[in-house]
């Protein structure tokens, strides 16, 4: 595969990003038909961060962060850097100095299947990180890769310019050509959940609201008193 850096990828409208971030990963994931979730291959390394941004993608060689250096130059405000390697690597390819450079450029955070280090500093800086590991093991700068090409992270293919949503629940990719549909579906889901929330505050049960009693019966679930249960042994 040819090693390239693509310099002019499209970005997502800032208002769309703000709305996606407000809804969060779980809501948008459900609204999208439970698609786009990266999965547990990456974990939040801080509490409470909720961001959305345009993907700048990076494909690195294992144990090598050369292409992250190349990617920093391509980053713009409201971007999220998304990094993976051609084969599994959990070395600490990202730390405080990279975060300093990215924050200067207005980048909102990083998602990487690799390792990160300097976590105390990253948390103090308020630079959000989702990574495959916490690992002080350093990397080299020797092998070429690519920036702003399609990459696979966990369960999904991420393309440059896709919307990335990330919070404590995980990381979600919203393909650039489905963002408007995802927002429409998310608005509807939020409205529906608001009605359900009011019902639960009044004491209604989800069993009744979602018509689940009949399903339990059809699946053979019996309700027994404690005495009947003990009598059955």
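Residue numbers (the working numbering): 524 to 756. Virtual Cβ for every residue (Gly too), placed ideally from N, Cα, C. Since this is a predicted model, take the numbers as computed values, not measurements.
Expressed to the nearest angstrom, what Euclidean distance is found between the alpha-carbon atoms of residue i and residue j?
| i | j | result |
| --- | --- | --- |
| residue 527 | residue 578 | 16 Å |
| residue 675 | residue 607 | 8 Å |
| residue 543 | residue 629 | 18 Å |
| residue 688 | residue 553 | 13 Å |
| residue 659 | residue 635 | 15 Å |
| residue 737 | residue 694 | 35 Å |
| residue 561 | residue 541 | 20 Å |
| residue 705 | residue 575 | 13 Å |
| residue 732 | residue 745 | 20 Å |
| residue 564 | residue 614 | 14 Å |
| residue 715 | residue 592 | 44 Å |
| residue 657 | residue 619 | 13 Å |
| residue 680 | residue 645 | 27 Å |
| residue 599 | residue 623 | 14 Å |
| residue 548 | residue 573 | 9 Å |
| residue 753 | residue 682 | 58 Å |
Is it the case that the Cβ atoms of residue i and residue j are separated by a distance below 8 Å?
| i | j | result |
| --- | --- | --- |
| residue 621 | residue 632 | no |
| residue 550 | residue 712 | yes |
| residue 605 | residue 584 | no |
| residue 568 | residue 642 | yes |
| residue 708 | residue 555 | yes |
| residue 672 | residue 582 | yes |
| residue 559 | residue 696 | yes |
| residue 535 | residue 594 | no |
| residue 684 | residue 533 | yes |
| residue 566 | residue 653 | yes |
Could you spell out where the beta strand (DSSP E) holding residue i opens and where it closes?
| i | result |
| --- | --- |
| residue 608 | 602 to 608 |
| residue 656 | 652 to 657 |
| residue 690 | 686 to 690 |
| residue 743 | Unbroken run through residue 743: none, as it is neither H nor E. |
| residue 616 | 615 to 617 |
| residue 676 | 674 to 676 |
| residue 696 | 693 to 697 |
Helix or strand or just coil, what does DSSP make of residue i?
| i | result |
| --- | --- |
| residue 704 | helix |
| residue 536 | coil |
| residue 591 | helix |
| residue 575 | strand |
| residue 567 | strand |
| residue 547 | helix |
| residue 735 | coil |
| residue 623 | helix |
| residue 663 | strand |
| residue 834 | Only positions 524 to 756 of the chain appear in the structure, and residue 834 is not among them; the question remains open. |
| residue 634 | strand |
On the DSSP letters alone, give me the boundaries of the alpha helix (DSSP H) that residue i sits inside.
| i | result |
| --- | --- |
| residue 642 | 642 to 648 |
| residue 531 | Note, residue 531: premise wrong, no alpha helix (DSSP H); not H, not E. |
| residue 755 | 749 to 755 |
When you compare the region 660 to 668 with the region 711 to 731, are there three or more beta-carbon pairs, one atom per stretch, that lie closer than 8 Å? no
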